[in-house]
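Engineer:
Residue numbers (my numbering): 3 to 405.
1) By the DSSP assignment, the beta strand (DSSP E) with residue 318 in it spans what residues?
2) Which runs of the alpha helix (DSSP H) at least 4 residues long sit entirely within the region 312 to 400? Give them in chain order.
3) With burial defined as no fewer than 16 other Cβ atoms inside 10 Å of the residue's Cβ, what is the status of residue 328: buried or exposed?
4) Report yes or no: do three or more beta-carbon pairs, one from the region 378 to 386 and one from the region 12 to 27, lie closer than 8 Å?
5) How should residue 102 be labelled, buried or exposed, when 16 other C-beta atoms within 10 angstroms of its C-beta is the threshold for buried?
6) Whose C-alpha, out of 246, 256, 201, is nearest the C-alpha of residue 100?
7) Once the 5 residues before and after residue 343 are set aside, which same chain residues still bring their CB inside 6 Å of it?
8) By Cβ distance below 8 Å, which residues in the same chain neighbour residue 16 in space, the five residues on each side in sequence not counted?
9) Classify residue 308 as buried or exposed, calling it buried when 16 or more other Cβ atoms lie within 10 Å of its own Cβ.
10) Out of 216, 213, 372, 392, which has the shortest C-alpha to C-alpha gap to residue 33?
11) Is the beta carbon of residue 251 less than 7 Å from the beta carbon of residue 359?
12) Could you give the DSSP three-state label for residue 188: helix, strand or coil?
13) Entirely within the region 79 to 146 and at least 4 residues each: give me those alpha helix (DSSP H) ranges in chain order.
14) Determine the closest residue to residue 117 out of 129, 162, 282, 369, with distance taken between C-alpha atoms.
15) State the DSSP-derived secondary structure class of residue 273, mapped to helix, strand or coil.
16) I want to know whether the region 56 to 75 touches the region 5 to 13 - three or more CB-CB distances under 8 Å.
17) Compare the Cα-Cα distances from residue 263 to each of 244, 235, 165 and report the closest residue.
18) Ignoring anything shorter than 4 residues or poking outside the region 199 to 254, list the alpha helix (DSSP H) runs there in chain order.
19) Between 74, 402, 259, which lies nearest to residue 134 when the distance is taken from Cα to Cα?
20) Output the boundary residues of the beta strand (DSSP E) element that contains residue 156.
21) Could you name the residues that DSSP lists as bridge partners for residue 56?
22) Based on the DSSP output, what are the partners of residue 42 in its beta bridges?
23) Could you tell me whether the region 166 to 176 touches the region 78 to 87, using the rule of 3 or more Cβ pairs below 8 Å?
24) Return the chain-ordered list of same chain residues with a C-beta closer than 6 Å to the C-beta of residue 386, the five sequence neighbours on each side being excluded.
25) Quick check on this structure: which residue in 405, 310, 394, 400 has the alpha carbon closest to the alpha carbon of residue 30?
26) Taking residue 131 as the reference, give the member of 107, 152, 150, 154 with the closest Cα.
27) Could you tell me the boundaries of the alpha helix (DSSP H) in which residue 294 lies?
28) Should residue 65 be listed as close to the ligand MN, given that the test is whether its C-beta is under 6 Å from any heavy atom?
29) Would you kindly work out how many angstroms separate the C-alpha atoms of residue 111 and residue 198, rounded to a whole number?
30) Could you spell out where the beta strand (DSSP E) holding residue 64 opens and where it closes?
31) Report all residues from its chain with a CB closer than 7 Å to the CB of residue 87; omit the five preceding and five following residues, and keep chain order.
32) Between the beta-carbon of residue 52 and the beta-carbon of residue 272, is there less than 7 Å?
33) At the level of alpha carbons, what is the spacing between residue 61 and residue 286?
34) From what residue to what residue does the beta strand (DSSP E) around residue 22 run?
35) So, with DSSP's three-state summary, where would you put residue 280?
36) Going along the chain, which residues of its own chain have a beta-carbon closer than 6 Å to the beta-carbon of residue 253, five neighbours each way excluded?
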């Protein structure tokens, strides 16, 4: 086993799960130049080895790893109408995505008269949302001034020990996962990637996702920001309370950036350095502000307890990788694995399909990016997901909802 290789570890949950793609659409305040765009993408590839990698099986161990492929191309397609972005995105989703043969990034570009729009679409095995935002920003810096992005070696989470101290699972969770692992090994089953790809196309074609955009203008965002500041809560906590009230739910899953907490992160690297946890509010409240304060208190409590904040990642470190592979197909089709179906029902939420989640990439300022929005992944466990991105004091929320 090569100690220098980046193996698929906590990312395994993205390997055989439908809709594990996401995107960022950005309006670029520059003249359209296809040759310069191509050079910008080449500069990104030279800086980030994962952009020149496919997923491969290690012959001796069967482990999955990121294999560098010189000569690999990132697909770049010139499109016509940026208003059709949702349809264009869906068409890519419907085709499926073979990570053993296709680049982990795809690019669509929409020419305009004085500016243009560009969409980066990433497979989750390449990076998380913050990583994709970084790619867009690095591309824009190159396009604007010729600044080359810095080369960065990726270093993924390799074991439980790369997570913060005290991140390991509580005893009862270990018992449940050990039960599922033993049941899986006793079944002696395996899902091949070809089986998964056939399932993926069928599932996505029958379970369509509706995507739409909501934009908060400067004045509206300023009012929200001022109210949050005055009450000691974050905009993200305000958004969580908004979703809870609008959809009449008391549980929302949020993504959290952990780049400053994991022990393996190289600044600027691609990869997944995020966790997700549930915010549950069962107490009574009389206003959105009151609810937002309850949300804020709960988030702060979780983020000071690594065992809770890192729960989902810690689960992946204990679970048999091939069992993780089988969860989606066993839960969402007639594939016969009771062990994988048990995990899908009790841990992944694939039976109820009523999850609500928010991924907020924060806010940036840019002279080159006029505006941008983040298209979130549409996990089979979710009924609705919001992707949030604020550029130049304009917040845009992209909603992905089960149709």
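For glycine and all other residues, C-beta sits at the position ideal for the given N, C-alpha and C.
Here the structure is a predicted model, which is why all the values come from computation and not from measurement.
Structural biologist: Reading from the atomic positions:
1) Position 316 of the chain shown, counted from the first residue, corresponds to residue 318. Segment 313 to 320 is the alpha helix (DSSP H) holding residue 318; no beta strand (DSSP E) there.
2) 313 to 320, 323 to 334, 340 to 345
3) In the chain shown, counting from the first residue as 1, residue 328 sits at position 326. A buried status is given to residue 328, since no fewer than 16 other beta-carbon atoms sit within 10 Å of its beta-carbon.
4) yes
5) Position 100 of the chain shown, counted from the start, is the residue given in the question as residue 102. Counting Cβ neighbours within 10 Å, residue 102 comes out exposed, since fewer than 16 surround it.
6) Along the chain shown, read from residue 1 onward, the residue named residue 100 stands at position 98. Nearest C-alpha to residue 100: 201.
7) Position 341 of the chain shown, counted from the first residue, corresponds to residue 343. Correct list, in chain order: 332, 333.
8) Here residue 16 is taken as the residue at index 14 of the chain shown, counted from 1. Excluding positions up to five away in sequence, the list reads 22, 125, 126, 127, 274.
9) For the purposes of this step, residue 308 is taken as the residue at position 306 of the chain shown. Around the beta-carbon of residue 308, 16 or more other beta-carbon atoms lie within 10 Å, marking it buried.
10) Residue mapping note: residue 33 aligns to position 31 of the chain shown, counting from 1. The shortest Cα separation from residue 33 among 216, 213, 372, 392 belongs to 372.
11) One-based indexing of the chain shown puts residue 251 at position 249. One-based indexing of the chain shown puts residue 359 at position 357. Against a cut-off of 7 Å, the Cβ pair of residue 359 and residue 251 comes out as no contact.
12) The residue labelled residue 188 in the question sits at position 186 within the chain shown. Here residue 188 sits in helix by DSSP.
13) 87 to 96
14) Residue 117 sits at position 115 when you count from the first residue of the chain shown. Among 129, 162, 282, 369, the Cα nearest to that of residue 117 belongs to 369.
15) The sequence position of residue 273 within the chain shown is 271, counting from 1. DSSP places residue 273 in strand when its eight states are reduced to three.
16) Yes, the region 56 to 75 is in contact with the region 5 to 13.
17) Within the chain shown, residue 263 is the residue found at index 261, counting from 1. It is 165.
18) 220 to 233, 237 to 249
19) Counting from 1 along the chain shown, the entry for residue 134 is found at position 132. Among 74, 402, 259, the Cα nearest to that of residue 134 is on 259.
20) Sequence index remark: in the chain shown, residue 156 carries index 154 (1-based). Looking at the DSSP string, residue 156 is not in any beta strand (DSSP E), and its letter there is neither H nor E.
21) The residue you call residue 56 lines up with position 54 of the chain shown. Answer is 69.
22) Position 40 of the chain shown, counted from the start, is the residue given in the question as residue 42. When beta bridges are read from the DSSP output, residue 42 appears opposite no residue.
23) no
24) Within the chain shown, numbered from 1, the residue matching residue 386 stands at position 384. Excluding sequence neighbours, residue 386 sits near 358, 403.
25) Looking up residue 30 in the chain shown gives position 28. Residue 30 has its Cα closest to that of 394, out of 405, 310, 394, 400.
26) By 1-based counting over the chain shown, the position of residue 131 is 129. Cα-wise, what sits closest to residue 131 is 107.
27) To locate residue 294, count along the chain shown from 1; it is residue 292. If you look at residue 294, you'll find it in the alpha helix (DSSP H) that goes 290 to 305.
28) By its list of ligands, the structure shown contains no ligand whatsoever, and the ligand MN lies outside what it can speak to.
29) Mapped onto the chain shown, residue 111 falls at position 109. Mapped onto the chain shown, residue 198 falls at position 196. Residue 198 has its alpha-carbon roughly 30 Å from the corresponding atom of residue 111.
30) Numbered from its first residue, the chain shown carries residue 64 at position 62. No beta strand (DSSP E) holds residue 64; DSSP gives it neither H nor E.
31) By one-based count along the chain shown, residue 87 stands at place 85. These residues qualify, in order along the chain: 27, 121.
32) The residue labelled residue 52 in the question sits at position 50 within the chain shown. The residue labelled residue 272 in the question sits at position 270 within the chain shown. For residue 52 and residue 272, yes; Cβs fall inside 7 Å.
33) To locate residue 61, count along the chain shown from 1; it is residue 59. To locate residue 286, count along the chain shown from 1; it is residue 284. Distance between the alpha carbons of residue 61 and residue 286: 56 Å.
34) Stepping through the chain shown from its first residue, residue 22 is reached at position 20. First-last for residue 22: undefined, no H or E at that position.
35) Looking up residue 280 in the chain shown gives position 278. DSSP places residue 280 in strand when its eight states are reduced to three.
36) Taking the chain shown and counting its residues from 1, the one referred to as residue 253 is at position 251. Contacts found: 280, 282.
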